[in-house]
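Novice:
Numbering (the working numbering), first residue to last: 7 to 131.
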């Protein structure tokens, strides 16, 4: 299942924060290992499933189960980065999806908003 860039980015952000939290709770965990092989647990599932962005832009994922979420994360890691740009970890994937989202906003969303504003200004005159 392909996730929209903003949803993939949200998921990676939630995973990143949870891995940091786990490292602080259990000093035996290695943060570098968690960045390349994150622990996907019920806390991540709950935060992701109940996030407003998921409810608004990916409502079909609001009822997702942990097993499916783990598979989505696995797919993100397997898909990796274009041109094998360095190691694939939570941070590098988040950076990639962040840049994709910025490009998406610049090329699609902002021109659309601009055109709507121009149209509204003409209608108001």
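Where a beta carbon is used, it is the ideal one built from N, C-alpha and C, also for glycine.
Ignore the nearest five residues each way along the sequence and tell me which others in residue 69's own chain have a CB closer than 8 Å to its CB.
Specialist: Taking the chain shown and counting its residues from 1, one reaches residue 69 at position 63. Within the same chain, Cβ atoms closer than 8 Å to the Cβ of residue 69 are found at 55, the five residues on either side in sequence being excluded.
Novice: Ordered along the chain, which non-local residues of its own chain (more than five positions away) have a Cβ less than 6 Å from that of residue 59?
Specialist: Along the chain shown, one-based indexing puts residue 59 at 53. Taken in chain order, the residues that qualify are 16.
Novice: Mind checking residue 73: buried by the 16 CB within 10 Å criterion, or exposed?
Specialist: As a position in the chain shown, residue 73 is number 67, starting the count at 1. The C-beta of residue 73 has fewer than 16 other C-beta atoms within 10 Å across all chains shown, which makes the residue exposed.
Novice: Along the chain, which unbroken stretches of the alpha helix (DSSP H) at least 4 residues long are found entirely within the region 71 to 104?
Specialist: Runs found: 72 to 85.
Novice: So what's residue 45 in DSSP terms, helix, strand or just coil?
Specialist: In the chain shown, counting from the first residue as 1, residue 45 sits at position 39. Residue state, collapsed to three classes: coil.
Novice: Rounded to the nearest angstrom, how far is the Cβ of residue 44 from that of residue 79, given a contact under 8 Å?
Specialist: Residue 44 sits at position 38 when you count from the first residue of the chain shown. Residue 79 sits at position 73 when you count from the first residue of the chain shown. Yes, residue 44 and residue 79 are in contact; Cβ-Cβ is about 7 Å, under 8 Å.
Novice: What's the C-alpha gap between residue 41 and residue 95?
Specialist: Start at 1 with the first residue of the chain shown, and residue 41 comes out as number 35. Start at 1 with the first residue of the chain shown, and residue 95 comes out as number 89. Going by the C-alpha atoms only, they are around 5 Å apart.
Novice: Taking only the alpha-carbon atoms, compute the straight-line gap between residue 21 and residue 7 and give it to the nearest angstrom.
Specialist: As a working note, residue 21 is residue 15 in the chain shown. As a working note, residue 7 is residue 1 in the chain shown. Whole-angstrom Cα-Cα distance: 18 Å.
Novice: What's the gap between the Cα of residue 4 and the Cα of residue 50?
Specialist: The requested residue 4 is not part of the displayed model; the chain covers only 7 to 131.
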